[in-house]
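Numbering (this note's numbering), first residue to last: 802 to 1223.
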C-alpha cells in the first residue's frame, strides 16, 4: 500500500464491493453509487463514523465531524442556523473583498506557489466569517498550529489508520502535542474574550455563542472550541484545495480558461462579484464541481456498522468498517464518461441533479452532509471569479504536482504558477 493512487485503482478494478484484510478489523470498500447511497442515506441509522474518523478526536475533539447520536443531533440543530442561505450570503462581500486584497499585491510575470497563496486567502476569509477580522494574529497562530497537525497525517496510511500515526510518528509526537495545546489555547482565548465582551460581531462564532437548543441550553466552552476548530480547519482547507487544483486543471485546457474569462466578463462587467451573481456564474461553478470530481478535497469517507445490516444484499456484521473513496467513485465511467478528462461543461446541463445518489459526494451525504458545504461553494465560486477577472495563474504542464493523500488531497510540494494579467 505504498502508492495510494495505484492501490485505489486496483481496488476499483476489483469490483463494487471489495473486502480488505486490515489489522484487527473487517473492512469493506464500496464503489457503486447504489451501495454508497444505502450507507450514507437510506440506511444511515445503521452506521456511525468509522474508527479512522473517530481517531481524529485528538485533533478536533468531539465536534460535528466525529460526534454521534443525540449529542451530534443537538450540536447540528444549534449550529445549523449559522449556515442558512441568507446568513452565508451576507458574507459574500467579505469573501470578494479578501480576494481583491490578496490579488492586489500580485505582479505580472511573478512566480508564486498558488497553493500557499490560496491557503493564506482562504484563512483570511474564514477568520473574517468565523472569528471576525479583528483576530488576524490569532488566525495566523491557528493556521500555523493546524499545519503541524496536518503534517502528522502526511502519509496516507496515517489518514486511514490514525492510530498508526501515534506509533509510527513517535519523534513528532511532542511537536504535535505542542501544536494541539496552542490550538486549544488560542481558541479558548477567543471564546473567553467574546463571552466577556458580549459583543455580537456578526460572525459565525457570535451565532454559535447565541445558539439555544429546544430546551434553552447553550453550547459549553469545550463544545464551542471543538466546533470552531473543525470549522476553521475545514473552512479554509476545502476552498484552498479546490482553487489550487482548479488552476492546475485549467492550465491543461486553455479553452477552459477562455470560457471562464468570457463568463466572468459578461456577468460582472468589471464590478465586484456578489451573492446575486452565483446563479449566473454557471461555468465558474462548473469548474469548481469538475475540480472536486477529479481532486476531491476529502478523498475518502468511512462508516462503521452499528448493527448487523445488509448492503446490496450482502450481510455486514456489526463493527464492519466501510470505506468509500471519492477519488475512485468520481472517476467511474458509468456515471462520468471520459472520467479522466477535465470537462467543466459536463455540469452545465443539470448533471448534478441527474446523477444517482452516491455517485458524487465531495461533501459527504445524507444527514452527515458537511454543514458548511453551501458556504464552501459560495466562497470557491466567488473567489475564482474574482481572481479570473484580472489574473490567470498559469501552471505549466511540467509543474503539475502529484496529489498527497493525507486527511485531505493536497498538491505535494505546492503549485508553481506564473501570474499573467488578463
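Glycine included, every Cβ here is placed at the ideal spot set by N, Cα and C.
What you are looking at is a predicted structure, and each value in this text was computed from that prediction instead of being measured.
(request) Tell me, to the nearest whole angstrom, how far the beta carbon of residue 900 is from that of residue 1188; I am working on the premise that it is less than 8 Å. (result) Counted from its first residue, the chain shown places residue 900 at position 99. Counted from its first residue, the chain shown places residue 1188 at position 387. With 8 Å as the limit, residue 900 and residue 1188 qualify as a contact, their Cβ atoms being about 6 Å apart.
(message) Taking its Cβ as the centre, do 16 or more other Cβ atoms sit within 10 Å of residue 1000, making it buried, or is it exposed?
(response) In the chain shown, counting from the first residue as 1, residue 1000 sits at position 199. Flag for residue 1000 reads exposed.
(request) For residue 802, count neighbouring Cβ atoms within 10 angstroms of its own Cβ and tell me buried if that reaches 16, exposed if not. (result) As a position in the chain shown, residue 802 is number 1, starting the count at 1. Annotation note: pLDDT 46 at residue 802 (below 50); position unreliable, coordinate value reported separately. Classification of residue 802: exposed, given that the 10 Å Cβ count is below 16.
(request) Tell me whether residue 911 sits in a helix, a strand or coil according to DSSP, three-state version. (result) Indexing the chain shown from 1 puts residue 911 at position 110. In the structure shown, residue 911 sits in coil (DSSP, three-state: anything other than H, G, I, E or B).
(message) Taking only three categories from DSSP, how would you classify residue 1208?
(response) Translated into the one-based positions of the chain shown, residue 1208 becomes position 407. Three-state result, residue 1208: coil.
(message) Check whether chain D comes within 9 Å of residue 844, counting only Cβ atoms and requiring the distance to be less than that.
(response) You won't find chain D in this structure, because it holds only one protein chain.
(message) According to DSSP, simplified to helix, strand and coil, what is residue 1112?
(response) Residue 1112 sits at position 311 when you count from the first residue of the chain shown. Residue 1112 falls in the strand class under three-state DSSP.
(message) If you follow the alpha helix (DSSP H) that residue 1195 is in, where does it begin and where does it stop?
(response) Position 394 of the chain shown, counted from the start, is the residue given in the question as residue 1195. Run containing residue 1195: none in the alpha helix (DSSP H); it sits in the beta strand (DSSP E), 1192-1195.
(message) For residue 844 and residue 815, I'd like the C-alpha separation in whole angstroms.
(response) Taking the first residue of the chain shown as position 1, residue 844 is located at position 43. Taking the first residue of the chain shown as position 1, residue 815 is located at position 14. Cα-Cα distance, rounded: 24 Å.
(request) Kindly confirm or deny that the stretch 1016-1024 and the stretch 1156-1163 touch, where touching means at least three C-beta pairs closer than 8 Å. (result) no
(message) I'd like to confirm the pairing. Which residues does DSSP put opposite residue 850 in its beta bridges?
(response) Position 49 of the chain shown, counted from the start, is the residue given in the question as residue 850. Beta-bridge pairing links residue 850 to 1104.
(request) Taking residue 1105 and residue 1123 to be in contact with their CB atoms under 8 Å, please state how far apart those CB atoms are, rounded to whole angstroms. (result) Position 304 of the chain shown, counting from 1, holds the residue named residue 1105. Position 322 of the chain shown, counting from 1, holds the residue named residue 1123. At roughly 7 Å, the Cβ-Cβ gap stays under 8 Å, so residue 1105 and residue 1123 are in contact.
(request) Could you spell out the range, first to last residue, of the beta strand (DSSP E) harbouring residue 829? (result) The residue given as residue 829 occupies position 28 in the chain shown. Residue 829 -> beta strand (DSSP E) spans 826-831.
(request) Specify the secondary structure class of residue 1218 as computed by DSSP and reduced to three states. (result) Your numbering for residue 1218 matches position 417 in the chain shown. If DSSP states are grouped into helix, strand and coil, residue 1218 belongs with the strands.
(request) Name, in chain order, the residues that DSSP records as bridge partners for residue 1124. (result) Position 323 of the chain shown, counted from the first residue, corresponds to residue 1124. Note: residue 1124 sits in a beta bridge opposite 830 and 1103.
(request) Determine, using beta carbons only, whether residue 1048 and residue 1196 come nearer to each other than 9 Å. (result) Along the chain shown, read from residue 1 onward, the residue named residue 1048 stands at position 247. Along the chain shown, read from residue 1 onward, the residue named residue 1196 stands at position 395. Contact: yes.
(request) Please classify residue 809: is it buried, with 16 or more other beta-carbons within 10 angstroms of its beta-carbon, or exposed? (result) Locating residue 809 in the chain shown gives position 8, counting from the first residue. Counting Cβ neighbours within 10 Å, residue 809 comes out buried, since at least 16 surround it.
(request) May I ask you to list the residues that DSSP assigns as paired with residue 822? (result) The residue you call residue 822 lines up with position 21 of the chain shown. Residue 822 is bridged to 827.
(request) Compute the distance between the beta-carbons of residue 1038 and residue 918, then report whether it is under 9 Å. (result) On the chain shown, residue 1038 is found 237 positions in, with the first residue counted as 1. On the chain shown, residue 918 is found 117 positions in, with the first residue counted as 1. Against a cut-off of 9 Å, the Cβ pair of residue 918 and residue 1038 comes out as no contact.
(request) Tell me residue 1165's beta-bridge partners as DSSP assigns them. (result) Mapped onto the chain shown, residue 1165 falls at position 364. According to DSSP, which records beta bridges pairwise, residue 1165 is partnered with 1163.
(request) Rounded to whole angstroms, what's the CA-CA distance from residue 1091 to residue 1119? Just pull it up for me. (result) Taking the chain shown and counting its residues from 1, the one referred to as residue 1091 is at position 290. Taking the chain shown and counting its residues from 1, the one referred to as residue 1119 is at position 318. For residue 1091 and residue 1119, the distance between alpha carbons rounds to 36 Å.
(request) Answer with buried or exposed for residue 872, where buried requires no fewer than 16 other C-beta atoms within 10 angstroms of its C-beta. (result) The residue labelled residue 872 in the question sits at position 71 within the chain shown. It is exposed - the Cβ of residue 872 has fewer than 16 other Cβ atoms within 10 Å.
(request) Return the residue from the list 907, 945, 1032 and 1194 that minimises the CA-CA distance to residue 1054. (result) Here residue 1054 corresponds to residue number 253 of the chain shown, with the count starting at 1. For residue 1054, the nearest C-alpha among the options comes from 1194.
(request) Using DSSP bridges, identify the partner residues of residue 1117. (result) On the chain shown, residue 1117 is found 316 positions in, with the first residue counted as 1. In the DSSP output, where bridge partners are listed per residue, residue 1117 has 1110.
(message) I need the straight-line Cα distance from residue 1137 to residue 1051, nearest angstrom please.
(response) Working through the chain shown from its first residue, we reach residue 1137 at position 336. Working through the chain shown from its first residue, we reach residue 1051 at position 250. Roughly 19 Å separates the two Cα atoms.
(request) Mind reading off the beta-carbon distance from residue 817 to residue 832? Whole number of angstroms is fine, and I expect it under 8 Å. (result) Here residue 817 is taken as the residue at index 16 of the chain shown, counted from 1. Here residue 832 is taken as the residue at index 31 of the chain shown, counted from 1. Right, their Cβ atoms sit about 5 Å apart.
(message) Once DSSP output is grouped into helix, strand and coil, what is the label at residue 1178?
(response) Within the chain shown, residue 1178 is the residue found at index 377, counting from 1. In this structure, residue 1178 counts as helix in the three-state DSSP scheme.
(request) Leaving aside the five residues before and after residue 904 along the sequence, list all residues of the same chain whose C-beta is less than 8 Å from its C-beta, in chain order. (result) Sequence index remark: in the chain shown, residue 904 carries index 103 (1-based). Excluding residues within five positions, the ones whose Cβ falls inside 8 Å are 1187, 1188, 1191 and 1192.
(request) Could you tell me the boundaries of the alpha helix (DSSP H) in which residue 1007 lies? (result) Position 206 of the chain shown holds residue 1007. From DSSP, the alpha helix (DSSP H) with residue 1007 extends over 1005-1011.
(request) Have a look at residue 823 and residue 1058 and give me their C-alpha separation to the nearest angstrom. (result) Taking the first residue of the chain shown as 1, we reach residue 823 at position 22. Taking the first residue of the chain shown as 1, we reach residue 1058 at position 257. Their Cα atoms are separated by approximately 44 Å.
(message) Tell me the DSSP secondary structure of residue 1213 in three-state form.
(response) In the chain shown, counting from the first residue as 1, residue 1213 sits at position 412. Residue 1213 falls in the coil class under three-state DSSP.
(request) Flag this pair as touching only if the stretch 876-896 and the stretch 1073-1081 have three or more C-beta atom pairs under 8 Å; answer yes or no. (result) yes
(request) Please work out which residues of its chain come closer than 6 Å, Cβ to Cβ, to residue 908, disregarding the five sequence neighbours upstream and downstream, and give them in chain order. (result) As a first step, residue 908 must be located in the chain shown, where it is residue number 107. The answer is none, since no qualifying residue turns up.
(request) Leaving aside the five residues before and after residue 1046 along the sequence, list all residues of the same chain whose C-beta is less than 6 Å from its C-beta, in chain order. (result) In the chain shown, the residue the question calls residue 1046 occupies position 245. Cβ neighbours of residue 1046 beyond the five flanking positions: 1092 and 1096.
(request) Return the CA-CA distance between residue 1224 and residue 1147, expressed in angstroms with no decimal places. (result) Past the boundaries of the shown model lies residue 1224; the chain is included only from 802 to 1223, so the question cannot be answered.
(message) Count Cβ pairs between the stretch 977-997 and the stretch 866-885 that sit closer than 8 Å; are there 3 or more?
(response) no
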